[in-house]
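Visitor: Attaching a single structure in structure tokens format; questions to follow.
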Amino acid sequence: MFAMMESARLEALHLAQDPVTGLRAIIAIHSSRLGPALGGCRYLAYADTDSAVRDAIQLARGMSYKAALAGLAQGGGKAVIIRPAHVDNRGALFEAFGRMIESLGGAYITAVDSGTSSADMDCIAQHTRHVTSTTAAGDPSPHTAMGVYAGIRSTALVRFGSADLDGLRVAVQGLGHVGFALAEQLAAAGVELLVSDLDAGRVQLAVEQLGARAVAPEALLGSPCDILAPCGLGGVLDAQTVAGLQCAAVAGAANNQLATGEIADELDARGILYAPDYVINSGGLIYVALQHRGEGLPAITAHLAQIGLRLNELYAHAQAEKCSPARVADRLAERLLYGT
Ligand code: NAD
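Numbering (the numbering used here), first residue to last: 317 to 656.
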């Protein structure tokens, strides 16, 4: 376990269990150099404890990079609660998790993630104030979508010479909380929309309300378009899918879009501009971090606008250094986190 921590440069790993509620939780704190660690809490079934710990560590590291490049005074952390086969009282389990967070004295601040909801955060909030995305705090997804939209405009400016999206063709994969909100903004900007989702109802809605063209999920990645916006699951870009892409740029909300780090170089070699996922999708994190600090909407909106500027900066460095923007982003984050 220490080897795993060392290789990820993880600061701390906390484990807690509570036989009364069935809680078995892991909190990974990757870095607190820039501020207290902030990151979501997953509630999922895992094959074994090692996989859960590995997931928490990798995700915590990703949060440090995201917060650093978003210019937040926030470190990176992540929590994983191993979902029991059966739970009598979900609320009590999340309350026990709230007590665990409180015992860390503010070193970790939690948020909604895969398998958790605002209602779970409300249970946590009964025992600690180190929690965001409660029912009262609201859904961060529209803010993620706003940041991705700003990032797509920056990408268009670099790739096509104008941030005006009118007439461009954008393919949106996944019409969930973020993807649909993004599609709405793109449609309003005059974009020709191609959309896919595993849920036919979401696709139908986009066709009827936004004038989008439906594409089968297995065909979307290879559809000719100007910009591809992956907004479904991670890992969609691998050697095979990249070889089939017919777009000039990839800029979307999904976390961990690249199956491996080398895929960034393959995109670069194909002349496809890639917006590093953790930079373009940082709007939700910016929202929860600033809201937790008591900032109002004007300050949040101003900070969200910086996503586009940050991407412009990364693209300029990448052009000058003839490498992928993803490599530049990692290097910049590491400089901020480790001073190297
Ligand atoms: P969501 O679960 O609401 O929506 C995801 C949608 O993608 C679903 O409708 C699903 O059916 C669809 N989908 C999954 N695989 C697909 C495929 N192969 N083809 C077509 N559609 C597919 O999730 P969300 O909150 O909208 O988040 C979307 C992505 O953005 C995720 O990767 C998430 O980690 C990332 N993200 C979200 C936020 C946020 O604020 N919600 C913030 C940062 C990153």
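Glycine included, each C-beta is placed from N, C-alpha and C at the ideal position. Since this is a predicted model, take the numbers as computed values, not measurements.
Quick one: is residue 437 buried, meaning 16 or more other Cβ sit within 10 Å of its Cβ, or exposed?
Guide: The residue you call residue 437 lines up with position 121 of the sequence shown. Label assigned to residue 437: buried.
Visitor: Between residue 700 and the rest of its own chain, which residues show a CB-CB distance below 6 Å, the 5 nearest in sequence each way excluded?
Guide: Outside the displayed range of the chain (317 to 656) lies residue 700, so it cannot be described from this structure.
Visitor: Quick check: the region 605-621 against the region 531-538, are there 3 or more CB pairs under 8 Å?
Guide: no
Visitor: Skipping 5 residues on each side, what residues in its chain have a beta carbon closer than 6 Å to that of residue 487?
Guide: What you label residue 487 is simply residue 171 of the sequence shown in a count that begins at 1. Taken in chain order, the residues that qualify are 510, 536, 539, 541 and 544.
Visitor: Between 610, 504, 448 and 456, which has its C-alpha nearest residue 597's C-alpha?
Guide: Walking along the sequence shown from the start, residue 597 turns up at place 281. Of 610, 504, 448 and 456, the residue nearest in Cα terms is 456.
Visitor: Below 8 Å on the Cβ atoms is my contact criterion, and I expect residue 323 with residue 347 to pass it. Report the Cβ-Cβ distance as a whole number of Å.
Guide: Stepping through the sequence shown from its first residue, residue 323 is reached at position 7. Stepping through the sequence shown from its first residue, residue 347 is reached at position 31. Incorrect: roughly 14 Å between the Cβ atoms, too far for contact.
Visitor: Give me the Cα-Cα distance between residue 343 and residue 527, rounded to the nearest whole angstrom.
Guide: The residue labelled residue 343 in the question sits at position 27 within the sequence shown. The residue labelled residue 527 in the question sits at position 211 within the sequence shown. Roughly 44 Å between the two C-alpha positions.
Visitor: Starting from the Cα of residue 452, find the closest Cα among 465, 433, 614 and 462 and give me that residue.
Guide: Indexing the sequence shown from 1 puts residue 452 at position 136. When only C-alpha atoms are compared, the closest one is 433.
Visitor: Taking only three categories from DSSP, how would you classify residue 471?
Guide: Numbered from its first residue, the sequence shown carries residue 471 at position 155. Taken through DSSP and simplified to helix, strand or coil, residue 471 comes out as helix.
Visitor: Terminal residues of the continuous beta strand (DSSP E) containing residue 543?
Guide: Along the sequence shown, one-based indexing puts residue 543 at 227. Residue 543 -> beta strand (DSSP E) spans 543-546.
Visitor: Taking the alpha carbon of residue 373 as the point to measure from, which residue in 463, 350 and 355 has its own alpha carbon closest?
Guide: By one-based count along the sequence shown, residue 373 stands at place 57. In this structure, 355 is the residue among 463, 350 and 355 with its C-alpha nearest to the C-alpha of residue 373.
Visitor: Quick one, which of 409, 337 and 600 has its alpha-carbon nearest residue 616's?
Guide: The residue labelled residue 616 in the question sits at position 300 within the sequence shown. Checked all of 409, 337 and 600; the closest Cα to residue 616 is 600.
Visitor: Specify the secondary structure class of residue 394 as computed by DSSP and reduced to three states.
Guide: Residue 394 sits at position 78 when you count from the first residue of the sequence shown. Residue state, collapsed to three classes: strand.
Visitor: Can you give me the start and stop residues for the alpha helix (DSSP H) that residue 562 sits inside?
Guide: The sequence position of residue 562 within the sequence shown is 246, counting from 1. Here residue 562 belongs to no alpha helix (DSSP H), and DSSP marks it neither H nor E.
Visitor: Could you tell me the alpha carbon to alpha carbon distance between residue 627 and residue 349, rounded to whole angstroms?
Guide: Numbered from 1 along the sequence shown, position 311 holds the residue referred to as residue 627. Numbered from 1 along the sequence shown, position 33 holds the residue referred to as residue 349. In a straight line, the C-alpha of residue 627 is about 23 Å away from that of residue 349.
Visitor: Give me every residue whose Cβ sits closer than 6 Å to any heavy atom of the ligand NAD, in chain order.
Guide: 456, 457, 460, 489, 490, 491, 492, 493, 494, 495, 512, 513, 514, 515, 518, 533, 547, 548, 549, 550, 569, 570, 571, 597 and 600
Visitor: Under the assumption that residue 368 contacts residue 396 (Cβ atoms under 8 Å), give the Cβ distance between them as a whole number of angstroms.
Guide: As a position in the sequence shown, residue 368 is number 52, starting the count at 1. As a position in the sequence shown, residue 396 is number 80, starting the count at 1. With 8 Å as the limit, residue 368 and residue 396 qualify as a contact, their Cβ atoms being about 5 Å apart.
Visitor: Under a Cβ-count criterion, where at least 16 other Cβ atoms within 10 Å of its own Cβ denotes burial, should residue 402 be classed as buried or exposed?
Guide: The residue you call residue 402 lines up with position 86 of the sequence shown. It counts as exposed.
Visitor: Name the two residues that bound the continuous alpha helix (DSSP H) containing residue 411.
Guide: Within the sequence shown, residue 411 is the residue found at index 95, counting from 1. Per DSSP, residue 411 belongs to the alpha helix (DSSP H) from 406-419.
Visitor: Beta carbon of residue 522, beta carbon of residue 499: below 8 Å?
Guide: The sequence position of residue 522 within the sequence shown is 206, counting from 1. The sequence position of residue 499 within the sequence shown is 183, counting from 1. Yes, they are a contact pair.
Visitor: Which complete alpha helix (DSSP H) runs does the region 429-503 hold, if anything under 4 residues is left out?
Guide: Runs of the alpha helix (DSSP H) lying entirely within the region 429-503 and spanning at least 4 residues, in chain order: 434-440 and 457-476.
Visitor: Residue range of the alpha helix (DSSP H) that residue 611 falls in?
Guide: In the sequence shown, the residue the question calls residue 611 occupies position 295. Per DSSP, residue 611 belongs to no alpha helix (DSSP H) and is neither H nor E.
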